[in-house]
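Numbering (our numbering), first residue to last: 58 to 126. Even glycine gets a Cβ: it sits at the ideal position worked out from N, Cα and C. On a predicted model such as this, the values are computed, not experimentally measured, just so you know. This report refers to the structure that appears directly beneath it.
Printed below as a string of structure tokens:
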């Protein structure tokens, strides 16, 4: 399951993301954050951390550095 999720993220990073202008307000990007969270914590906890990160991705949040814990 972990490999499948990482594969989906890799597909997005290589083929979908380049079609749009850079818009992520965080470092690392949200897709890279998701990849690192899943690799470090496993699929379900990693998706939970990714969901929290995506909920912070809006114009009223300052963004900045937000590494995977």
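Assigned with DSSP and collapsed to three states, residue 117 falls in coil, not helix or strand. Taking a C-beta distance under 8 Å as the contact criterion, residue 82 and residue 114 qualify as a contact pair. Each of 80, 73, 76 and 88 was checked against the Cα of residue 63, and the nearest Cα belongs to 88.
Contact between the segment 67–75 and the segment 100–114 is absent, with fewer than three C-beta pairs closer than 8 Å. Non-local C-beta neighbours of residue 123 in its own chain, meaning closer than 6 Å and more than five positions away in sequence, comprise 83, ordered along the chain.
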